[in-house]
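Report on the following structure.
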Amino acid sequence: MAEEKKVFKQTHNVIVENRKNITVSGVMDIDSFDEESVILFTELGELTIKGVNLHINKIDVNAGDLTMEGEIESLSYSEDRPQKGTGLLSRLFR
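What follows is the structure, encoded as structure tokens:
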């Protein structure tokens, strides 16, 4: 039986500093965001960040980097992968 190897285009890292600042790399798209949750599509699945007073400080679409601040309460992944052209950034730049 042949093993399937997953090939990732970007490195995915999450750095949380004192539950106040978060840096995420390997972001492919943003599904939605508000002051209580941010839903990102990454190479490794959908990442949901929940908290209070969340604000996106910087997003670099080409590099796939996102920086945000607020009171971070939870991070969770699901296996949902983005379909091409369905995220917030894709809708904004049509």
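In our numbering, each number is its position in the sequence shown, counted from 1, plus 4.
For each residue, glycine too, the CB sits at the ideal point set by N, CA and C.
Excluding residues up to 5 positions away in sequence, I76 lie with their Cβ nearer than 6 Å to the Cβ of R23 in the same chain. It is roughly 6 Å from the alpha-carbon of I26 to the alpha-carbon of T71. Within the same chain, Cβ atoms closer than 6 Å to the Cβ of L51 are found at L44, Y81, the five residues on either side in sequence being excluded. In the DSSP assignment, N25 is bridged to E21, E73.
With respect to the C-alpha of E39, the residue from D69, Q14, I63, I53 having the closest C-alpha is I53.
Contact check for G68 and Q14: beta-carbon distance about 5 Å, within the 8 Å limit, so the pair qualifies. In the DSSP assignment, E83 falls outside any beta strand (DSSP E), carrying neither H nor E.
Shown here for V28: same chain residues with a beta carbon closer than 6 Å to its own, the five before and five after excluded, namely V18, L70 in chain order. Taking K62 as the centre and dropping the five residues before and after it, the same chain places the C-beta of T71 closer than 6 Å to its C-beta, in chain order.
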